[in-house]
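A.B. asks: In order, the protein sequence lines correspond to chains B and X. FYI, in my numbering the residues of the first sequence are 606 to 969. FYI, in my numbering the residues of the second sequence are 21 to 297. The C-beta atom is built at its ideal place from N, Cα and C for all residues, glycine as well. Structure incoming, see below.
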Amino acid sequence: MQQPGRAAEIKANGIGKSFGSFRALDNLTLDIGRGEFLTLLGPSGSGKTTFLMILAGFVQPSEGRLFSDGADITDRPAEQRAAGMVFQGYALFPHMSVEQNIAFPLKVRKKTASEIKQRVGEMIERVGLKGHEKKLPAQLSGGQQQRVALARALVFEPGVLLLDEPFSALDKSLRGQMQAEMKRLHQETGTTFVFVTHDQSEALALSSRVAIFNHGKLLQVGRPDEVYDRPANRFVAEFLGEINMLPVKGVKPADNGAIGVCEDRAVNMRCKAEAIKGDAILAIRPEHMSIAREATTGENGIAATAVASTYLGAATKLDLTTRQGAKVTVSVPNEVAAAALSKGNSVWLTWPAEKGFLLPDGGQ
Amino acid sequence: MRGTLSDRMGAALLMAPLLLFLVLAYAWPFLGVVKWSFTLPTPGLGQYHALLTDDLVQSVFIRTLRIAAIVTVVSVTAAYAITVVWVRGSPVQRVLAEFCILVPFWISVLTRAFGWVALLSNRGLINTWLQSIGFISEPLTLVRNEFGVIVGMSHFLIPFAVFPLASAMRSLDERVLLAARGLGSSRMRTFWTVFVPMTRSGIIGSAMITFVFSLGFFVTPAILGGGRSVMIAELIYLRIFQSPDWGLGAAISVVLVVFVGALMALLFRYVKPKQLV
Numbered sequence: 606m607q608q609p610g611r612a613a614e615i616k617a618n619g620i621g622k623s624f625g626s627f628r629a630l631d632n633l634t635l636d637i638g639r640g641e642f643l644t645l646l647g648p649s650g651s652g653k654t655t656f657l658m659i660l661a662g663f664v665q666p667s668e669g670r671l672f673s674d675g676a677d678i679t680d681r682p683a684e685q686r687a688a689g690m691v692f693q694g695y696a697l698f699p700h701m702s703v704e705q706n707i708a709f710p711l712k713v714r715k716k717t718a719s720e721i722k723q724r725v726g727e728m729i730e731r732v733g734l735k736g737h738e739k740k741l742p743a744q745l746s747g748g749q750q751q752r753v754a755l756a757r758a759l760v761f762e763p764g765v766l767l768l769d770e771p772f773s774a775l776d777k778s779l780r781g782q783m784q785a786e787m788k789r790l791h792q793e794t795g796t797t798f799v800f801v802t803h804d805q806s807e808a809l810a811l812s813s814r815v816a817i818f819n820h821g822k823l824l825q826v827g828r829p830d831e832v833y834d835r836p837a838n839r840f841v842a843e844f845l846g847e848i849n850m851l852p853v854k855g856v857k858p859a860d861n862g863a864i865g866v867c868e869d870r871a872v873n874m875r876c877k878a879e880a881i882k883g884d885a886i887l888a889i890r891p892e893h894m895s896i897a898r899e900a901t902t903g904e905n906g907i908a909a910t911a912v913a914s915t916y917l918g919a920a921t922k923l924d925l926t927t928r929q930g931a932k933v934t935v936s937v938p939n940e941v942a943a944a945a946l947s948k949g950n951s952v953w954l955t956w957p958a959e960k961g962f963l964l965p966d967g968g969q
Numbered sequence: 021m022r023g024t025l026s027d028r029m030g031a032a033l034l035m036a037p038l039l040l041f042l043v044l045a046y047a048w049p050f051l052g053v054v055k056w057s058f059t060l061p062t063p064g065l066g067q068y069h070a071l072l073t074d075d076l077v078q079s080v081f082i083r084t085l086r087i088a089a090i091v092t093v094v095s096v097t098a099a100y101a102i103t104v105v106w107v108r109g110s111p112v113q114r115v116l117a118e119f120c121i122l123v124p125f126w127i128s129v130l131t132r133a134f135g136w137v138a139l140l141s142n143r144g145l146i147n148t149w150l151q152s153i154g155f156i157s158e159p160l161t162l163v164r165n166e167f168g169v170i171v172g173m174s175h176f177l178i179p180f181a182v183f184p185l186a187s188a189m190r191s192l193d194e195r196v197l198l199a200a201r202g203l204g205s206s207r208m209r210t211f212w213t214v215f216v217p218m219t220r221s222g223i224i225g226s227a228m229i230t231f232v233f234s235l236g237f238f239v240t241p242a243i244l245g246g247g248r249s250v251m252i253a254e255l256i257y258l259r260i261f262q263s264p265d266w267g268l269g270a271a272i273s274v275v276l277v278v279f280v281g282a283l284m285a286l287l288f289r290y291v292k293p294k295q296l297v
C-alpha cells in the first residue's frame, strides 16, 4: 500500500523549547532520513517527548525551525501535518469500535465509503485484528489496543509515524512480540518511524539510529552499535548499559590509537586520543572483559580480586576490586566465575585494545 | 472502595444522623400523604381516577413536562458551554467561569425570580431599552407566561447542570483529543465527534438532574408564571392550602414522587453516582 518514496524526511534546525524557566529542549539540530527508524532515548525529563510533541505539532518550539521534505512546517498546526501518532496509553476513541477508530483519519480526509471500507479492512488484516472489528477498545487486551493504535496511525499512509513509549504498558513477552511486529510494519510501509523510549535495550534492538537525550540536550546520534561501542560521553556510555570506568593517566597519541597508564600498567587503546590528553577515564563494557590466570605481555590487563558473583543463567556476573580500589564488573562464563572465586580470588582482568574507549576525566 | 466490616460500620454510623433526619422529615410525612391520597374524602381509588379524568390536572401535567423538557435542553446546552470554559479555558477564563457558576448559589431563589421580573416585565429594563432604541413600539410579553418561567428556571438550574458535565470533562483523557487532531481532525470536528460523545455520561446525568429538579419547581413558576403558567408543584399547593381538596393534592404528589423515582432509577442504570459530582 505504501510507496517507499512517500516517507518523509525531517530536518530540525536549532529547535529549543522553554516552559517558563524550565529549558525542556536546547538547540536541537537533527536530520531524520527518509524511511529510517529513529529512536529518541533518554531518561524522563530529558526532552525526548517534548521533541516528539514538537514534531507532531502539539507543542510550538520557542525557537528554531522544522522542515519536512524541505517545507517549513514549524507553524503548521498538528491537524495539517499528516503525521501518524501512537500515544502512551494508545488514546483510542473509547466510544468508537475498532473499525470506526481505524476509519477516523480516512473519514476526516473525506475518502469515499468504499475506499474507507477497503483500506480499513486491509489494515485490520495487516495488524491481525480480524474478528474484532465491531468491538470497543475497552473490550480488547492491551496488545490488541496497541494494534488498533498502530493501524489507526498508519491507515492514512502518513509520511512519518511518531510513537510515544507505546510499549510501556505491556508485559515483557508481549513487548517482544509487539517490537517484532513494529519492525515488520516499518519494513512493509517504508514510512519514517520516530520512536520515543527510555528503555535502552528496546532502542538498540529496534532502531536504525538512536538519538540520546539528557537535560534537554541531544548528546549523540548514531547507529546502535556506534553509540553502544563508541559513546560520546560518560552519560551515553552509562545510559546504554553497564560499564566499567577505570582512571587512566598520561594518555597520549600512539601509532594506531593511544597509550596510557592504568593501575600502574601500560595500556593500549585503539580509539583516537583526540582532545583527550593526560588523565582520562577508560570505559569497558562488562562483556568485553575476560578473566585470565596470569598477566601476558602485549595485552591489556590489570590485577583484581573477585569479591562476589551473581548467577544469571547464561553467564555469571562477577564483581571485582582492582588493586587501587576501583570496582569492576565482568560478564563471564559460569565455570570461569566459579574458578575465579575459588582459587585465592586474585585474577587478571584482560580486554582487547579496541574494546576500551576513552572519556574525559570526570566530565559528563 | 470496599473496606473492612468495621470501616463500613463506621461509615454507616456517620451517615446515620442524615438518614434518620430524612426518614423523620420526608419519608414519614410522605407516608401520611400516601394515606390521604387513598382515604380523602372517602376511602378508595377515587382521587387517582379523578387525576386521570380531570382536564385541569392533565393540562398542568403536560405543561410541567413540556417546560421541564425545554428548561433541560436550555440549561444543559448553556451549562455545557460554560463548563467547557471552566474546565478547559485559560486560568483567567476559569476563574471567571467559576465565579459565574458559584455566585447564583449565594442568592435566594426568591430574589432571583423578582430580579427576572424587574428585567422582563412590560416596564422592565429589557422592554424599556428595546423601546428607547426604537426596536419595538409595544412592550413584549416576556413574563407572567411560559417564556418567563423557562428563563427563570433555566437560570436557576444551569449551575446544577454544570457539575456532572465538569466531572465528565475532567476525567476525559487529553491525549485522545490530541490523537484526533494528530489524525487530521479540525478542532470543530474533534469537538463534535470526539469530545461531546466522550462526555455522554455527563450529559445524561446533567439532563436527568435538571429535568427532575424542574418537575418540582414551585417558587419560580409561581412568580414568573403569574398564575397563568401553573406547574405541578403549584397545583399541589393550591389543592392543599387553598381548597379542601387534600386527597387530589396528595394523589398528584404520589404520582410525581413515583415518576421522579422511576426517572432516577433509569438514570442510575446509565450513570454511576460518582460521575454526577
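Mapping DSSP to helix, strand and coil, what is A920/B?
C.D. replies: In the displayed model, A920/B falls within coil according to three-state DSSP, outside both helix and strand.
A.B. asks: In chain B, what lies closer than 8 Å to V196/X by C-beta?
C.D. replies: A696, L697, F698, P699
A.B. asks: Mind listing the chain B neighbours of I96/X? Cutoff is C-beta to C-beta under 9 Å, in chain order.
C.D. replies: Checking the sequence shown, residue 96/X turns out to be Val, not Ile. By Cβ distance, chain B contributes nothing, its closest Cβ being about 19 Å from V96/X, past 9 Å.
A.B. asks: Would F692/B pass as an interface residue toward chain X - the criterion being a Cβ-Cβ separation below 8 Å?
C.D. replies: yes
A.B. asks: Alpha carbon to alpha carbon, what distance is there between Q825/B and A595/B?
C.D. replies: Any answer about residue 595/B is impossible in this case: the structure gives chain B only from 606 up to 969.
A.B. asks: Can you tell me the Cβ-Cβ gap for L767/B and A661/B, rounded? I've got them flagged as a contact below 8 Å.
C.D. replies: Rounded, the Cβ-Cβ distance is 5 Å, consistent with contact.
A.B. asks: Below 8 Å on C-beta distance, what does D193/X contact in chain C?
C.D. replies: Protein chains in the displayed structure are B and X, and chain C is not among them.
A.B. asks: In chain order, what residues of the same chain have a beta carbon less than 7 Å from the beta carbon of V760/B, not counting five sequence neighbours either side?
C.D. replies: I707, P710, L711, R724, V725, M728
A.B. asks: Does S218/X come within less than 8 Å of chain B when only Cβ atoms are used?
C.D. replies: Per the sequence presented here, residue 218/X reads as Met, with Ser not at that position. Yes, contact with chain B.
A.B. asks: Taking the straight line between their C-alpha atoms, what separation do you get for F818/B and Q784/B?
C.D. replies: 22 Å
A.B. asks: Counting contacts by CB-CB distance shorter than 8 Å, is V799/B in contact with chain X?
C.D. replies: no
A.B. asks: Since N873/B is in the beta strand (DSSP E), which residue starts that stretch and which ends it?
C.D. replies: 870 to 874
A.B. asks: Is any beta-carbon of chain B found at less than 8 Å from that of G281/X?
C.D. replies: no
A.B. asks: Just checking: is the beta-carbon of Q608/B within a distance shorter than 8 Å of some beta-carbon in chain X?
C.D. replies: Residue placement at Q608/B is poorly supported in this model, since its pLDDT is 44, which falls under 50; the coordinates are not used for a value here.
A.B. asks: Taking the CB atoms as reference points, tell me whether Q954/B and A888/B lie closer together than 8 Å.
C.D. replies: The sequence given here has Leu at residue 954/B, not Gln. Taking 8 Å as the Cβ cut-off, L954/B and A888/B do not qualify as a contacting pair.
A.B. asks: How would you call E807/B, buried or exposed, if buried means at least 16 neighbouring beta carbons within 10 angstroms?
C.D. replies: buried
A.B. asks: On the DSSP bridge assignment, give the partners of G827/B in chain order.
C.D. replies: V815/B
A.B. asks: Which parts of the region 707 to 793 of chain B are runs of the beta strand (DSSP E), unbroken and 3 residues or longer, counting only runs that do not cross its ends?
C.D. replies: If we require 3 residues or more, the beta strand (DSSP E) runs fully inside the region 707 to 793 of chain B come out as 765 to 769.
A.B. asks: What did DSSP end up calling I886/B once you bin it into helix, strand or coil?
C.D. replies: Here DSSP, grouped into helix, strand and coil, assigns I886/B to strand.
A.B. asks: Looking at the structure shown, is T972/B part of a helix, part of a strand, or coil, going by DSSP?
C.D. replies: Shown here, chain B extends from 606 to 969; a query on residue 972/B therefore has no answer.
A.B. asks: Under 8 Å, CB to CB, which of the residues in the region 648 to 665 of chain B have a partner in chain X?
C.D. replies: A661, G662, F663
A.B. asks: By DSSP, does A99/X sit in helix, in strand, or in coil?
C.D. replies: helix
A.B. asks: Could you tell me which of S226/X, R209/X, I82/X sits nearest to F288/X, measuring between CA atoms?
C.D. replies: S226/X
A.B. asks: Taking 8 Å as the CB-CB cut-off, is A199/X touching chain B?
C.D. replies: The Cβ of A199/X sits closer than 8 Å to at least one Cβ of chain B.
A.B. asks: Using a Cβ-Cβ cutoff of less than 6 Å, which residues in the same chain neighbour I224/X once the five nearest sequence positions on both sides are dropped?
C.D. replies: Y290, V291
A.B. asks: Report yes if the CB atom of A897/B is closer than 8 Å to the CB atom of V853/B, and no otherwise.
C.D. replies: no
A.B. asks: Taking DSSP as the reference, what is the three-state secondary structure of L633/B?
C.D. replies: Of the three classes helix, strand and coil, the one that applies to L633/B here is strand, per DSSP.
A.B. asks: Taking the straight line between their C-alpha atoms, what separation do you get for F155/X and L145/X?
C.D. replies: Taking the straight line joining both Cα atoms gives about 14 Å.
A.B. asks: Does the beta carbon of R83/X sit closer than 8 Å to a beta carbon anywhere in chain B?
C.D. replies: no
A.B. asks: Taking the C-alpha atoms as reference points, what is the distance between I238/X and E704/B?
C.D. replies: What sits at residue 238/X in the sequence shown is Phe, not Ile. F238/X and E704/B: Cα-Cα distance of roughly 50 Å.
A.B. asks: If I measure Cβ to Cβ from A270/X and keep anything under 6 Å in the same chain, skipping five residues before and after, which residues do I get?
C.D. replies: Counting only Cβ-Cβ distances below 6 Å, and skipping sequence neighbours, we find V53, W56, S57.
A.B. asks: In terms of residues, what are the limits of the beta strand (DSSP E) holding L645/B?
C.D. replies: 642 to 646
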